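Protein chains in written order, with the numbering used here: chain A, 1 to 310; chain B, 1001 to 1356. Just so you know, even glycine gets a beta-carbon here, dropped at the ideal spot from N, CA and C. In this text, all values refer to a predicted model and were calculated from it rather than measured experimentally. The structure appears below as structure tokens.
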């Protein structure tokens, strides 16, 4: 095989792997935010997903079960958030931050005995004839199941939000909960569902970290990816396609800058480390610089509590 | 107990307060930058804290706060310790320097020890380990064992501590194998398993067959294990993340130092000092060597360790040239501590430009 296409393929594969945890978490948060709820607990739900997936895969050796466990644990964390913010009308920002701190602490506690336990990383797809093709083989047919799942989720959510009645209802609840309530939609129930979905997706994002990306468990292994996912949602103006684009851009530039450093190019490494953030923000701001359209996309009631009686 | 006797007991306690104080345990606080479970830098500090408790028993009470962000956040944590009447507070990251000094000014009776810093006052001492001595040992091993003559080095921030490590490693590497070169990737973070993994994979893709790291997560060792290359752990024995890949690690052992300093507080002889210990002080030790290291290489490594311990060899012994080929240390001279503490240049053999 030609070494250049090999290197390019390695780069693209690394990019997709770096982007996948961000894509899961950001897509989940997008749905939560579209319903008008701001959950800053992404990092906490991700890290809980990471530890629970790891524990289950150690116990059972079954990666599918591990992914399911991560989604359920993320969902439970989100349920806690939902019960507090939607049920008891606590402040969403404060509750979300608390959820992150809680998740980081709890995951470190329950994961104590799992540091350094070896696991089999998530299996990669291998189709005879296809996966070994130069360039397109590894890039299109050489990933683990979760990479494909994240792509499917982005497409599915775009379709859900723009082409289905349920998606329209969800958006209505995020735009104007009072109006949605007055025509008979159960605003808090819908929001609760959106929060749960967001939690499950964040759990999956965390599972990708501990099962495939860095197949191990160490404390705080999310290392701030939850916050990047949160920022991606805003810069992508709440559109699934752009969230995916942003995640890939971020992942891509992260990987490219490491390669540039390794190649010994004379650019300060601090600048290179900024690059993923700069490039992602720049591109997403440029493609969505129309202020009116941003306002149209941003859920109008985001972060505000809603009480049907109020 | 009736109300009266309780009152009397309290009064008595107050009266003999002076005496009671002498028997009070010495309270020692620790501020960590990472989680105690990082199995690297903060982990080793916490191991030493536990040994402190085991050594002194109920004469000492310790407490720690982990995951403290450098900067303003740390000031709050350090202040909390001082306010709660702790006698001695160890702040264990470079970025805690100014917050430590600020709090120390407010609480002149509390004693502070700041790791890896350089600012001292009447109640702030500093301490650090000559970690670079270990780098000379692993550099020697790498020089013997590399086949591709490319060593990957994952580094966090271009500060003198990290520069010393890269340079000491490279000097020892090239003393054994003049053709070998070091590729450095900066992650701009002390701890990010994901990014360290990517950096390790990049270095391997670019030809490195041995990895060394100054970042704190075991991810690079794990990558080395997967890809069948070799690696050195950082700050603690990381062999369980890569039993075949992990050759050895440079380990900080803070326990002897912490014990001595706490003893000084108990004895009332504590004075702020500037301690910089290496192999000779027991602050720096090598993790068990992997069996796959050939006997002659092992002998060379142990000889290097011994020579540094006994002062026969200095990792920064001339002649040393920088990347541009200028002589930085002349033959027969060694680099002084002041120069080591402000190091901001690469020696010959490191690829790429230094970020500045």
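Secondary structure of residue i, DSSP reduced to three states
| i | result |
| --- | --- |
| residue 1290 (chain B) | coil |
| residue 274 (chain A) | helix |
| residue 181 (chain A) | helix |
| residue 109 (chain A) | helix |
| residue 1132 (chain B) | helix |
| residue 1346 (chain B) | coil |
| residue 1296 (chain B) | helix |
| residue 1084 (chain B) | coil |
| residue 1212 (chain B) | strand |
| residue 1046 (chain B) | helix |
| residue 7 (chain A) | helix |
| residue 302 (chain A) | coil |
| residue 1181 (chain B) | strand |
| residue 1234 (chain B) | strand |
| residue 1095 (chain B) | helix |
| residue 1358 (chain B) | Not covered by the structure: residue 1358 (chain B). The range shown for chain B is 1001 to 1356. |
| residue 1062 (chain B) | strand |
| residue 1328 (chain B) | strand |
| residue 127 (chain A) | coil |
| residue 227 (chain A) | helix |
| residue 295 (chain A) | helix |
| residue 1247 (chain B) | strand |
Contact with chain B by residue i, beta-carbon distance below 9 Å
| i | result |
| --- | --- |
| residue 216 (chain A) | yes |
| residue 135 (chain A) | no |
| residue 263 (chain A) | yes |
| residue 149 (chain A) | no |
| residue 40 (chain A) | no |
| residue 272 (chain A) | yes |
| residue 269 (chain A) | yes |
| residue 2 (chain A) | Low confidence applies here, because residue 2 (chain A) scores a pLDDT of 49, under 50, leaving its location unreliable; read the following figure in that light. It does not: the Cβ of residue 2 (chain A) has no partner Cβ on chain B nearer than 9 Å. |
Chain-ordered neighbours of residue i on chain A, where CB pairs are closer than 9 Å
| i | result |
| --- | --- |
| residue 1045 (chain B) | Within 9 Å Cβ-Cβ: nothing; residue 1045 (chain B) doesn't reach chain A, min ~15 Å. |
| residue 1236 (chain B) | None at all; the shortest Cβ gap to chain A is about 11 Å. |
| residue 1177 (chain B) | Those do not exist, as residue 1177 (chain B) stays about 19 Å from chain A at its closest Cβ, beyond 9 Å. |
Below-9 Å beta-carbon distance, residue i vs any chain A residue
| i | result |
| --- | --- |
| residue 1167 (chain B) | no |
| residue 1086 (chain B) | no |
| residue 1210 (chain B) | no |
| residue 1352 (chain B) | yes |
| residue 1222 (chain B) | yes |
| residue 1241 (chain B) | yes |
| residue 1183 (chain B) | yes |
| residue 1342 (chain B) | no |
| residue 1146 (chain B) | no |
| residue 1301 (chain B) | no |
| residue 1195 (chain B) | yes |
| residue 1191 (chain B) | yes |
| residue 1093 (chain B) | no |
| residue 1324 (chain B) | no |
| residue 1140 (chain B) | no |
| residue 1158 (chain B) | yes |
| residue 1231 (chain B) | no |
| residue 957 (chain B) | The displayed coordinates of chain B run from 1001 to 1356. Any statement about residue 957 (chain B) would go beyond what the structure contains. |
| residue 1290 (chain B) | no |
| residue 1219 (chain B) | yes |
| residue 1186 (chain B) | yes |
| residue 1349 (chain B) | no |
Neighbouring residues, chain B, relative to residue i (Cβ below 7 Å)
| i | result |
| --- | --- |
| residue 255 (chain A) | 1198 |
| residue 259 (chain A) | 1202 |
Interface residues of chain A facing residue i [CB-CB closer than 8 Å]
| i | result |
| --- | --- |
| residue 1039 (chain B) | 115, 116 and 218 |
Residue i: contacting residues in chain B (beta-carbon distance under 8 Å)
| i | result |
| --- | --- |
| residue 266 (chain A) | 1352 and 1353 |
| residue 7 (chain A) | 1205 |
Neighbouring residues, chain A, relative to residue i (Cβ below 7 Å)
| i | result |
| --- | --- |
| residue 1035 (chain B) | 108, 219 and 220 |
* To do: Determine which residues of the stretch 83 to 116 of chain A have a Cβ less than 7 Å from any Cβ of chain B, and write them out in chain order.
  => So the list reads 108, 112, 115 and 116, given in the order they occur along the chain.
* To do: Mind checking the stretch 52 to 86 of chain A against chain B and listing, in chain order, the residues whose C-beta falls within less than 8 Å of any C-beta there?
  => none
* To do: For the stretch 277 to 293 of chain A, enumerate the residues whose C-beta is nearer than 9 Å to any C-beta of chain B, in chain order.
  => none
* Taking only beta carbons into account, state which residues of the stretch 203 to 236 of chain A come closer than 8 Å to chain B, listed in chain order. => 209, 213, 214, 215, 216, 218, 219, 220, 221, 223, 224 and 225
* To do: Scan the stretch 10 to 33 of chain A for residues whose Cβ lies nearer than 7 Å to a Cβ of chain B and list them as they occur along the chain.
  => 10, 14 and 18
* To do: Would you list, in chain order, the members of the stretch 1051 to 1079 of chain B that have their beta-carbon closer than 8 Å to a beta-carbon of chain A?
  => 1067
* For the stretch 1258 to 1287 of chain B, enumerate the residues whose C-beta is nearer than 8 Å to any C-beta of chain A, in chain order. => none
* Touching by the beta-carbon criterion (3+ pairs, under 8 Å), the stretch 108 to 127 of chain A and the stretch 58 to 67 of chain A -> yes
* Pairing CB atoms from the stretch 1257 to 1273 of chain B with CB atoms from the stretch 1228 to 1248 of chain B, are three or more of them under 8 Å? -> Taking 8 Å as the limit for Cβ pairs, the verdict is that the stretch 1228 to 1248 of chain B does not touch the stretch 1257 to 1273 of chain B.
* On the three-pair Cβ rule with 8 Å, is the stretch 235 to 242 of chain A touching the stretch 252 to 269 of chain A? -> Touching, no, given that fewer than three Cβ pairs across the two stretches are closer than 8 Å.
* Are there three or more Cβ pairs, one per stretch, closer than 8 Å when the stretch 103 to 111 of chain A is compared with the stretch 242 to 249 of chain A? -> no
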